[in-house]
């Protein structure tokens, strides 16, 4: 069982700070979509104008871009508006509360709305194109940069928020209490109701499942896993634990662990699928794919072939991905999982149930 491999206390400081807060159990993607619509409605109300979706662009192969792949989110009064949302969360390495708005491409919009999600409500800011801007190295050209705001080293999130709001006060646009909008759920959210780890962020859940996979491999191989030797960044500084090229070594082999949730793709495909991302084949010897589902956790040893896709201009920096997809319009997740497990059966390594 999964509980045999994880400690009784699995939540994070951020998770605990957002207990019972609206939208806290949503994925960051689902929450971001809701907050984008909230920000758009606020802007319409304050300006007395109607927002419009961007005209559909095209991909490099000539196909139309999906709604979530446009360069900006909407136009209003003739201006292109991009909305980015971020959660005020605890940075365990820096030991401070911070918010980071990612994938910001300055040339793609006229106005940037920064939505800050906190346990006490939602704040919206109109970015001044200067505050907190940072680049993201080799990713900059493809993914854009970041906007970051950090609190001092205080553990209280309410105290940290006061400082953060002070730093951003010159850009304040609106404060939205949770009672002003409806926190809708998604198909994936509903399918995982009351499932262990479902209320964790994808990052926190991924960290837990990485440790689970390592312990399973130790048990099955009879070997002890070791952390990777610390590498260095281009500036000579040591890499952090989470930025190493692989996760651990065992019996002399470099092992990378990637986890993914079986999730509903509500776009044009309408399928249940799992997507393991940021895979760099040259960085490891063995790749463990962990599949998180409502019925248990499945671990596979990838054969370096199945479901591999490249990632366009991001490939060299972020790596590619592995995907598995159930049949289109098969809405039942248990039926979809049966198909997915059949497709991955030749790579099966372990299954851990919840009870």
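In our numbering, the protein residues as written are 15 to 369.
Just so you know, even glycine gets a beta-carbon here, dropped at the ideal spot from N, CA and C.
Check                                                                                                                                                                                   : Outcome
What are the start and end residues of each continuous beta strand (DSSP E) run of 3 or more residues lying completely inside the stretch 261–300, in chain order?                      : 262–264, 267–275, 277–279, 285–293
Kindly list the residues whose CB is nearer than 8 Å to the CB of residue 39, restricted to its own chain and excluding five residues on each side of it in sequence; keep chain order. : 203, 212, 213
Which of helix, strand or coil does DSSP assign to residue 363?                                                                                                                         : strand
Whose C-alpha, out of 92, 317, 36, is nearest the C-alpha of residue 58?                                                                                                                : 92
Considering only the beta carbon of each residue, do residue 270 and residue 298 sit closer than 7 Å?                                                                                   : yes
Going by DSSP, what residue range makes up the beta strand (DSSP E) through residue 188?                                                                                                : 186–190
Tell me which same chain residues have a C-beta within less than 6 Å of the C-beta of residue 116, skipping the five on either side of it?                                              : 160
Which first and last residues belong to the alpha helix (DSSP H) in which residue 234 is found?                                                                                         : 216–235
Just how far apart, CA to CA, sit residue 221 and residue 300?                                                                                                                          : 18 Å
Considering only C-alpha positions, which residue in the set 42, 310, 46 is nearest to residue 209?                                                                                     : 310
Just mark residue 340 as buried or exposed, buried being the case when its beta carbon has 16 or more other beta carbons within 10 Å.                                                   : buried
Leaving out five residues before and five after residue 260 in sequence, what residues of the same chain have Cβ atoms less than 7 Å from its Cβ?                                       : 242, 268, 269, 270, 297, 298
Of the choices 123, 30, 104, 276, whose alpha-carbon is the least far from that of residue 114?                                                                                         : 104
Which runs of the alpha helix (DSSP H) at least 4 residues long sit entirely within the stretch 140–179? Give them in chain order.                                                      : 154–157
May I ask which residues mark the beginning and end of the beta strand (DSSP E) holding residue 312?                                                                                    : 310–315
Would you kindly check if the distance between the Cβ of residue 36 and the Cβ of residue 134 is under 7 Å?                                                                             : no
Whole angstroms is fine: what's the gap from residue 84's alpha carbon to residue 102's?                                                                                                : 26 Å
Helix, strand or coil for residue 96? Go by DSSP, reduced to three states.                                                                                                              : strand
Measure from the alpha carbon of residue 294 to the alpha carbon of each residue in 69, 123, 323, then state which is nearest.                                                          : 323
Please classify residue 374: is it buried, with 16 or more other beta-carbons within 10 angstroms of its beta-carbon, or exposed?                                                       : Residue 374 cannot be examined here, being either before or after the span of the chain that is shown, 15 to 369.
Taking the beta strand (DSSP E) that residue 239 belongs to, which residues open and close that run?                                                                                    : Counting along the chain, residue 239 falls outside any beta strand (DSSP E), and DSSP gives it neither H nor E.
Candidates 43, 365, 232, 167: which alpha carbon is nearest residue 264's?                                                                                                              : 232
Sorted by chain position, which residues of the same chain lie with C-beta nearer than 6 Å to residue 285's C-beta, five sequence neighbours on each side aside?                        : 279, 339, 340, 342
Under the assumption that residue 53 contacts residue 138 (Cβ atoms under 8 Å), give the Cβ distance between them as a whole number of angstroms.                                       : 6 Å
For residue 172, which of 347, 199, 186, 131 has the nearest alpha-carbon?                                                                                                              : 131
Since residue 337 and residue 289 should fall inside the 8 Å C-beta cutoff, what is the C-beta to C-beta distance between them, to a whole number of angstroms?                         : 5 Å
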